[in-house]
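For the sequence shown, the tail end lands on 537 under this note's numbering, and the numbers increase by one without skipping. Don't be surprised by glycine CBs; every beta carbon is placed ideally from N, CA and C. Remarks on the structure that follows.
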Amino acid sequence: MFATVRGFATTLATARRPLFDAGKSLRFGQQNVVLGQTPYSPLPLALLASQTRTKTYRKGITKPMRRYLKHTEELKRRGLPVPKTEVNVLENKFWKVSGGMKVYKPTSPGSRNRRHPTRFHLHKGSCIKRLSYGKKSTGGRNEFGRVTVRHRGSGHKRRVRVIDFQRNIPGPHQIVRLEYDPNRSADLALLRNLSTNEFSYIIHVAGTEPGTIVHSYRQGIPSTRKGEDPIPKNQLVQPGNCLRLRDIPVGTLVNNISLQPDGPAQICRSAGVSAQLIATDVKTGYAQIKLTSKEVRLLSIDCIATIGVVGNKDHHHTNLGKAGSKRHKGIRPTVRGIHQNPCDHPHGGGSNSKGNKHPRTPWGWLTKGWKTKLDLVITADLENITDLRPSATDYEWTFKVKCTNCQEEHPSWISFNAVTEEEIPNSRGVANFNMKCKSCKTHTNATIVKDSLKPYVSTSQSPQKILTIETRGLDFTAWKPTHGETWIAVGVDSGTVFDDIEFEEGERDWAGYDEKAACPVGVTGIEGSFLKSK
Numbered sequence: 004m005f006a007t008v009r010g011f012a013t014t015l016a017t018a019r020r021p022l023f024d025a026g027k028s029l030r031f032g033q034q035n036v037v038l039g040q041t042p043y044s045p046l047p048l049a050l051l052a053s054q055t056r057t058k059t060y061r062k063g064i065t066k067p068m069r070r071y072l073k074h075t076e077e078l079k080r081r082g083l084p085v086p087k088t089e090v091n092v093l094e095n096k097f098w099k100v101s102g103g104m105k106v107y108k109p110t111s112p113g114s115r116n117r118r119h120p121t122r123f124h125l126h127k128g129s130c131i132k133r134l135s136y137g138k139k140s141t142g143g144r145n146e147f148g149r150v151t152v153r154h155r156g157s158g159h160k161r162r163v164r165v166i167d168f169q170r171n172i173p174g175p176h177q178i179v180r181l182e183y184d185p186n187r188s189a190d191l192a193l194l195r196n197l198s199t200n201e202f203s204y205i206i207h208v209a210g211t212e213p214g215t216i217v218h219s220y221r222q223g224i225p226s227t228r229k230g231e232d233p234i235p236k237n238q239l240v241q242p243g244n245c246l247r248l249r250d251i252p253v254g255t256l257v258n259n260i261s262l263q264p265d266g267p268a269q270i271c272r273s274a275g276v277s278a279q280l281i282a283t284d285v286k287t288g289y290a291q292i293k294l295t296s297k298e299v300r301l302l303s304i305d306c307i308a309t310i311g312v313v314g315n316k317d318h319h320h321t322n323l324g325k326a327g328s329k330r331h332k333g334i335r336p337t338v339r340g341i342h343q344n345p346c347d348h349p350h351g352g353g354s355n356s357k358g359n360k361h362p363r364t365p366w367g368w369l370t371k372g373w374k375t376k377l378d379l380v381i382t383a384d385l386e387n388i389t390d391l392r393p394s395a396t397d398y399e400w401t402f403k404v405k406c407t408n409c410q411e412e413h414p415s416w417i418s419f420n421a422v423t424e425e426e427i428p429n430s431r432g433v434a435n436f437n438m439k440c441k442s443c444k445t446h447t448n449a450t451i452v453k454d455s456l457k458p459y460v461s462t463s464q465s466p467q468k469i470l471t472i473e474t475r476g477l478d479f480t481a482w483k484p485t486h487g488e489t490w491i492a493v494g495v496d497s498g499t500v501f502d503d504i505e506f507e508e509g510e511r512d513w514a515g516y517d518e519k520a521a522c523p524v525g526v527t528g529i530e531g532s533f534l535k536s537k
């Protein structure tokens, strides 16, 4: 392009000079231009304009296309319908659709393993401008220009969609279309208020599609007039509806849960994620939510949640295929510390040996192998008894564990007690349980904290901490009552001590009878979960 402009300027300057040789020709691009007889013969304006115009190349009509057009014109002349060419939307020479995923064929190294969920159902155009704003890229730096988040920078321009996490406006809303959001893993649903025609964005819930009507009951279920039937439960508990936890049946899968009664939705917002409502208690005003990580959260019954599971459930199968796609998302490469300089990382440098260094963070802090305290939290329904606890100090606790280094879960249940102690390999300390991971060969251990055992006194299935475990390299994922071990409890009214409470293998219930108080006693649905100790 620059050569063309330079040649145009040179030719124009030559054309404006006095010309003493009549009929002199100049080379201009691909043409020979013959100048006139006058001393100042200008170039033709049409020729100058043609040289500055951007050259476009149009593909000519091929012979097969000409035959097709001739056949089409003949059919139109006879008044016959023209057959339409069918395009296979499930496969072409570059990709194919398999199991809801768009799998790219190995036509290049970058597309060999590339795959992502199909987006044929999403809106092809842009988002609504007044419901979005441009995102300013910070490159992972704060207001002082210092890096606060590593591996961030560049990337494609984005617009942040303003999403309605409050759902304050009641009434019916219709889903207009589904849209792609580059800032999150889930898709968006554009809502239109049927009474005010106002638009808003929400997280798309699986099972909803354009045309679906969703409601928000954040202010409570509206009361009906005399003679009107109340809103049926199956109509309230529809995917996409927003309700308070007190109005949702126990066992329902929910998403977009708020942590405060008057706050926005903050948890369970990623693609394919949901939580389960396992208990509600109107007396205490709290509800129990079981998250995907098996963690049980205690929330107010006035917090809101959306019915259903977040859409785009196949997002975790996405494979970008090449490093360039990662850069388009604004993520820079991650370089290991062993390949850096000594001034940049504690693992850097070393011309001879690069090993035999205890793992550290880029800032010099020791990492891997930190001690972690976990609280065993149980829930149970106690009938006419209280102070439920193991009857012996050497009670064998049974757990499911996994290695925090390689995330490999132990195939079988493990058990240990607070009395038996073992020496930790290559250490002077002791622990109640030692294990070497078969995958990464890491030594792990666990110890029950002394005087941490507490009885379970609740009678309303509210979670309560009964034990604290100090672990190193282990993560506890499940707990069950040990078969053959006994528990002890006290009658609420009579004070009778029951020291023979035993749970059968695979059972979570126990039943008995208090002769002194002449009433049945029992334990129903005893379950356990783990929380990080504060």
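Starting from residue i, trace the alpha helix (DSSP H) in both directions and tell me its first and last residue.
i	result
R69	66-81
R153	From DSSP, R153 is part of no alpha helix (DSSP H); its letter is neither H nor E.
K439	That residue, K439, is in no alpha helix (DSSP H); its beta strand (DSSP E) goes 436-439.
K1	Lying before the first or after the last residue shown, residue 1 is absent from the chain, which here runs from 4 to 537.
N237	236-239
State the Cα-Cα distance for the pair residue i and residue j, rounded to the nearest angstrom.
i	j	result
D317	L125	15 Å
F202	I216	14 Å
A395	I491	9 Å
N542	R170	No information on residue 542 is available, as it lies outside the stretch 4 to 537 that the chain covers here.
S157	A449	44 Å
S114	N95	14 Å
G340	T141	24 Å
S296	K519	44 Å
G595	Q177	Given that the chain is displayed from residue 4 to residue 537, the structure contains no residue 595 and the question cannot be resolved.
C285	I251	Looking at the sequence shown, residue 285 is not Cys but Val. Roughly 12 Å between the two C-alpha positions.
G230	I206	37 Å
I270	I292	11 Å
G327	Y204	30 Å
L193	R164	11 Å
V257	R70	59 Å
R300	H154	32 Å
P484	G352	52 Å
E386	V526	6 Å
S455	D397	14 Å
R187	I281	28 Å
V404	F479	4 Å
R431	K374	16 Å
G103	T121	6 Å
V85	L248	58 Å
G311	Y289	21 Å
A172	T283	As written in the sequence, residue 172 is Ile, which differs from the Ala given in the question. Taking the straight line joining both Cα atoms gives about 25 Å.
G210	D384	35 Å
A268	A421	41 Å
From what residue to what residue does the beta strand (DSSP E) around residue i run?
i	result
R164	162-164
Q410	Here Q410 belongs to no beta strand (DSSP E), and DSSP marks it neither H nor E.
A514	513-517
K127	Looking at the DSSP string, K127 is not in any beta strand (DSSP E), and its letter there is neither H nor E.
C538	Only positions 4 to 537 of the chain appear in this structure, which leaves residue 538 out of reach.
V208	That residue, V208, is in no beta strand (DSSP E); it is neither H nor E in DSSP.
Q269	268-270
F506	Careful: F506 lies outside any beta strand (DSSP E) and carries neither H nor E.
By a C-beta neighbour count over all protein chains shown, 10 Å radius and 16 as the cutoff for buried, is residue i buried or exposed?
i	result
L72	exposed
Q222	exposed
F533	buried
P235	exposed
N244	buried
D167	buried
N315	buried
C306	buried
W366	exposed
N538	Summary: the structure shown does not reach residue 538, with the chain confined to residues 4 through 537, and so no result is reported for it.
E510	exposed
Take residue i and list the residues in its own chain whose beta-carbon comes closer than 6 Å to its own, dropping the five residues that flank it on each side.
i	result
P362	T370, K371
D496	A520
P523	Y516
Answer with yes or no whether the minimum CB distance from residue i to chain D is below 8 Å.
i	result
I251	As a matter of chain content, chain D is missing from the structure shown, which is built from one protein chain.
Following a CB-centred definition, is residue i positioned closer than 7 Å to any heavy atom of the ligand MG?
i	result
G174	With respect to the ligand MG, the structure offers nothing, as it holds no ligand at all.
Apart from the five residues on each side of it in sequence, which residues of its chain come closer than 8 Å, Cβ to Cβ, to residue i?
i	result
N429	H446
F97	Y107, K108, T110, S114
S418	E399, W400, T401, F402, T485
Using a Cβ-Cβ cut-off of 7 Å (strictly less than) and excluding sequence neighbours within five positions of residue i, which residues of its own chain qualify?
i	result
K332	G158
Is it the case that the region 320-330 contacts the region 148-155, given that we only count it when at least three CB pairs across the two stretches are under 8 Å? no
Is it true that the region 496-513 meets the region 433-448, where meeting means three or more beta-carbon pairs spaced less than 8 Å apart? no
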